[in-house]
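> This is the structure I have questions about; it appears just below.
In UniProt numbering, the protein residues as written are 1 to 295.
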């Protein structure tokens, strides 16, 4: 049986800047489905890629085969399996609004599989939280290398941490939720929750509903929200969030008006002033060191 996997970085937001679009194409499209003796094993691929920044088309190699080509083929295989689950009715599709109605009128359970970084910003009232991926807090050489690579390849901009599959995911779900439970499975963008649906179906859950597009597409009136931020903004972070340069924040600014924009405009001015101060300070230090050497 084919094993399951997800994109390496799964919470990137879509900025209009060329840099962020490039990062999104690299990282959001990365998926690696590794075959294993355990039919439910799920692994993250290291987010290595160089070709968008290299005019010579330099690419990583994996097992003697083109790394990017393998990832595209694996992602296509995953999409085919997921499409089959929906087409055959094994997983039913709901919009965020329909999910809200189902929770209120039919008392269905919403299973939130997002990592803690997204969950703590906003969550659906009464939902059950069991992350399929969580922040990788290990400090071994391999993990540190992945963290550095993730940061360099866009983590500083998007705020997406290095995540690892929670091997106890299925056990924790089975401990809390019987297999005949009507489960509405949701994540921020819709990919991780669909992957979780495949895992849950293979484990014997038969009443599965998938929130299409994820909680990021939910309007405030669709679901009863708790937490300090709107559900739409729970998946953003990093420098892009600080400066207000994400599509979600642009949409929010269009609704809330100039007061919302002014906050981020002030932050941008502050960044420029700080950069200028550092530059001038570095020049002064350089002159001071040069004067000392000349004496």
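Ideal Cβ placement from N, Cα and C applies to all residues, glycine included. Predicted model, so just to flag it, every value in this text is computed and none were measured.
Helix, strand or coil, according to DSSP, for residue 245 in the structure here?
If DSSP states are grouped into helix, strand and coil, residue 245 belongs with coil.
> Is it buried or exposed, residue 89, if we count other Cβ atoms within 10 angstroms and call 16 or more buried?
It is exposed - the Cβ of residue 89 has fewer than 16 other Cβ atoms within 10 Å.
> Using C-beta distances below 6 Å, list every residue in its chain close to residue 224, excluding the 5 sequence neighbours before and after it, in chain order.
Same-chain partners within the cutoff: 125.
> State the DSSP-derived secondary structure class of residue 102, mapped to helix, strand or coil.
DSSP places residue 102 in helix when its eight states are reduced to three.
> Of the residues 257, 227, 83 and 241, which one's Cα is nearest the Cα of residue 127?
For residue 127, the nearest C-alpha among the options comes from 227.
> Taking the alpha carbon of residue 100 as the reference point, which residue from 117, 123 and 116 has its own alpha carbon closest?
Checked all of 117, 123 and 116; the closest Cα to residue 100 is 123.
> Suppose contacts are defined by Cβ-Cβ distances below 9 Å. Is residue 233 in contact with residue 221 by that definition?
Not closer than 9 Å, so no.
> I'd like the span of the alpha helix (DSSP H) that includes residue 193, first residue to last.
Segment 191-202, the alpha helix (DSSP H) holding residue 193.
> Under a three-way DSSP split, which group does residue 117 fall into?
Note: residue 117 maps to helix in three-state DSSP.
> Take every Cβ of the segment 186-196, pair it with every Cβ of the segment 103-115, and state whether three or more of those distances are shorter than 8 Å.
Yes: at least three Cβ pairs fall under 8 Å.
> Kindly indicate which three-state DSSP category residue 291 falls into: helix, strand or coil?
Of the three classes helix, strand and coil, the one that applies to residue 291 here is helix, per DSSP.
> Are the beta-carbon atoms belonging to residue 160 and residue 238 less than 9 Å from one another?
Yes, the Cβ-Cβ distance between residue 160 and residue 238 is below 9 Å.
> Kindly confirm or deny that the segment 193-201 and the segment 69-77 touch, where touching means at least three C-beta pairs closer than 8 Å.
No, the segment 193-201 is not in contact with the segment 69-77.
> Could you tell me which residues DSSP pairs with residue 109 in its beta bridges?
Paired residues: 183.
> Quickly, what does DSSP pair residue 163 with across the bridge? List them, please.
Its beta-bridge partners are 135.
> Please list the terminal residues of the continuous beta strand (DSSP E) segment that includes residue 94.
From DSSP, the beta strand (DSSP E) with residue 94 extends over 91-94.
> State yes or no: is the C-beta of residue 244 within less than 9 Å of the C-beta of residue 250?
Yes.
> According to DSSP, is residue 223 part of a helix, a strand, or is it coil?
Residue 223: coil per DSSP, three-state reduction.
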